[in-house]
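Worksheet for the structure shown next.
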Amino acid sequence: MHRFVSTSLLSLLAVNIGVIVFAVKDEWSPPTILATYWLQSVIIGIFQAKKMSGLQKFRTDGLKINEQPVAPVASTRRKVVRFFLFHYGLFHVVYLSFLFTYAGAPDFVGVLTAGAAFFANHLFSYYENHERDLRHVPNIGGMMFFPYIRIIPMHLFVVLGAIVIPTTAGLVFFLTLKTLADAAMHMIEHYGDTNTLRSSGRFY
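Quick note: to get my numbering, add 131 to the position in the sequence shown (first position is 1).
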């Protein structure tokens, strides 16, 4: 198998395509579509926190806490993980409140079913790529911000497909773009160089 075409990538594509099929077949409402990908976004954050928590070696180039450079030690790792969980979690709490306030209640069965499929995929991907990822010494600041680079295009395409252009053709088109963006960021995460992502600024 080509080095960029892994089983976890094919699994990710299959889950995304399956969600698109069910969204069209069952005529999912915009709230159901938005909530489904909100849940995938949360799952991405959970696994990113797990990856950062398990780092034994990492870099801190450009990373500052209280405007001071930090060393790649365990206490730095714990602070970064806590900060990531705080701001990533806050982002998703605000996003969820927006969904329920302006979009309405979703079909929870559909959302949880799709969420279970995404969770299984990300769990499989974590274990399939774990040893390969450990061969690199990542920038933990880059790892902290990488999920945003992955989820922002995802949510942009989902909102365009579910709300801005609420037709079947528009939905399929934009969810397909979302799937391609998701797959591209998966490959960059595991086969590209995310060490070029740096972080600077005041954490606390």
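Cβ coordinates follow ideal geometry from the N, Cα and C atoms, glycine included.
Simplified DSSP state of residue i, which is helix, strand or coil
| i | result |
| --- | --- |
| P200 | strand |
| K156 | helix |
| R190 | strand |
| G332 | For G332, the pLDDT reaches just 45, beneath the cut-off of 50, and the residue's location in the model is therefore unreliable, leaving the point undetermined. |
| V173 | helix |
Limits of the alpha helix (DSSP H) - the one that residue i falls within
| i | result |
| --- | --- |
| N252 | F239 to L265 |
| V268 | No alpha helix (DSSP H) contains V268, which DSSP labels as neither H nor E. |
| L230 | Per DSSP, L230 belongs to no alpha helix (DSSP H) and is neither H nor E. |
Nearest to residue i (by Cα), restricted to the options the options
| i | options | result |
| --- | --- | --- |
| D238 | I196, L144 and E158 | E158 |
| I336 | T191, G193 and A166 | No answer is possible for residue 336: the residues shown for the chain start at 132 and end at 335. |
| L141 | F178, G272 and E259 | E259 |
| V242 | D264, N147, L144 and L170 | L170 |
| M183 | N147, A314, V268 and I282 | V268 |
| L306 | T138, V152 and A247 | V152 |
| H321 | H253, A248, L230 and V303 | H253 |
| D264 | K188, V303 and Y168 | K188 |
| S256 | Y168, N147 and H317 | H317 |
| G149 | F222, A247, F178 and S137 | A247 |
| G220 | I319, T138 and S172 | S172 |
Cβ distance (whole Å) where residue i is taken to contact residue j below 8 Å
| i | j | result |
| --- | --- | --- |
| I164 | A180 | Contact flag wrong, Cβ pair sits at about 25 Å. |
| A312 | M275 | The pair is not a contact, with the Cβ atoms about 20 Å apart (cut-off 8 Å). |
| A234 | P297 | Not really, about 12 Å apart at Cβ, beyond 8 Å. |
| I175 | I283 | 12 Å between Cβ atoms; not a contact. |
| V204 | L194 | Not a contact, Cβ separation roughly 12 Å. |
| L186 | I280 | Wrong, their Cβ atoms sit about 19 Å apart, outside the cutoff. |
| A315 | L144 | Incorrect: roughly 11 Å between the Cβ atoms, too far for contact. |
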